[in-house]
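What follows is a set of notes on a single structure, which appears directly below.
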Amino acid sequence: MTVPQEPRPTVSAPDDLFLPDPGSVLQLRDVRVRRGGQEILSGIDWTVREGERWVVMGPNGAGKSTLLQIAAARVFPTSGDVGILDEVLGAVDVSELRTRIGLSSAQLAAQVPADETVQDAVITASYGITGTWREEYEEDDRARALGLVAQWGLSRLAQRRFGTLSEGERKRVLIARALMTDPELMLLDEPAAGLDLGGREALVSQLTELAEDDAAPALVLVTHHLEEVPPGFTHALLLQQGAVVAAGPIDQTLTQEHLSDAFGVRLQVRRAEGRFTAVAA
Ligand code: ADP
Ligand code: MG
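At position 260 of the sequence shown the residue is numbered 1686 (this note's numbering), and the sequence of numbers has no breaks.
Okay, here's the thing in structure tokens:
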């Protein structure tokens, strides 16, 4: 006699269980951000792996900074999953996670007190703060801060007040600061914005050196200028109106077609000696 059987319940992982891929330093799955009734990021899937150097491009308002703020564990998505350095956003102490991420952005620059010295603006990153208070530093911290100050050409400015620096000097302070905690992931939001041609070229060459340094962390650089893409960057993500137009190895992504799509202009794109240029076709 056969007894009719209930179908056996299948044991499977719940749909919402999200485990970032091993070897990924950043992984977004179907990430959405809604603000003021508008979707500013819609269904972003993106994986950054160890050793990769990514550039994120797109026109003003495309959602680049919002995407970077998520990668920095400073903004939570409205929905979707985010894995950062083997942790999952929403299930981790973000203040600890943030010390493993180097960040340079205009918002951060605005938080550095004008009377902070260059050296202090760099060293305070150890505590994830932007103004010295009563914290104490080890000799090692001081040595590291001074080393970074030197590496970014700021030695003669070490005791200068942040508020008295030129735009180019400020940008370099922020990058030195972003490296202070020896981060595993480094995020740069428009580091060349506001620089003159000489300042931009100097920064591009320093970022090229960083990109070529095997000991450097995974890098993500946001820009809307093709001319600012440093040689040595390996991957690109193109955003338009909160959605990915193209993503992958840089040669296959920063093409005339994809860039024209993303910027809504017919562009002629050239690449010479690792540098990109674009003009309207
Ligand atoms: P990008 O860095 O590419 O210029 P952002 O990520 O800064 O773009 O912004 C993407 C879009 O989202 C813009 O249209 C911006 O006005 C909008 N936005 C950003 N933050 C908010 C917010 N808090 N409330 C409403 N809209 C926002
Ligand atoms: Mg922006």
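Just so it is clear, CB atoms sit at the ideal spot from N, CA and C, and this is done for glycine as well.
In this text the structure is predicted, and so the values were computed from the model without any measurement.
- Between L1685 and A1604, the gap from beta carbon to beta carbon reaches 7 Å or more.
- In the structure shown, T1649 falls within a strand segment according to DSSP collapsed to helix, strand and coil.
- Cβ neighbours of L1613 within its own chain (closer than 6 Å, five residues either side excluded): L1494, A1497, A1498, L1529, V1646.
- For E1465, the enclosing beta strand (DSSP E) covers residues 1464-1475.
- In summary, W1472 is buried, with 16 or more beta-carbon neighbours lying within 10 Å of its beta-carbon over all protein chains present.
- Of the residues assessed, V1691 falls on the exposed side of the cut-off, its CB having fewer than 16 other CB atoms within 10 angstroms.
- Unbroken alpha helix (DSSP H) runs of no fewer than 4 residues, entirely contained in the stretch 1548-1614, are found at 1565-1577, 1593-1605, following chain order.
- In the DSSP assignment, the residues bridged to D1507 are R1455.
- With three or more CB-CB distances shorter than 8 Å, the stretch 1612-1632 counts as touching the stretch 1649-1656.
- Under the three-state reduction of DSSP, R1701 is assigned to strand.
- When only Cα atoms are considered, A1584 and I1549 end up about 11 Å apart.
- Taking C-alpha positions only, H1661 is separated from L1611 by approximately 15 Å.
- Under a 10 Å Cβ-count criterion, E1638 is classified as exposed, with fewer than 16 other Cβ atoms of the shown protein chains found around its own Cβ.
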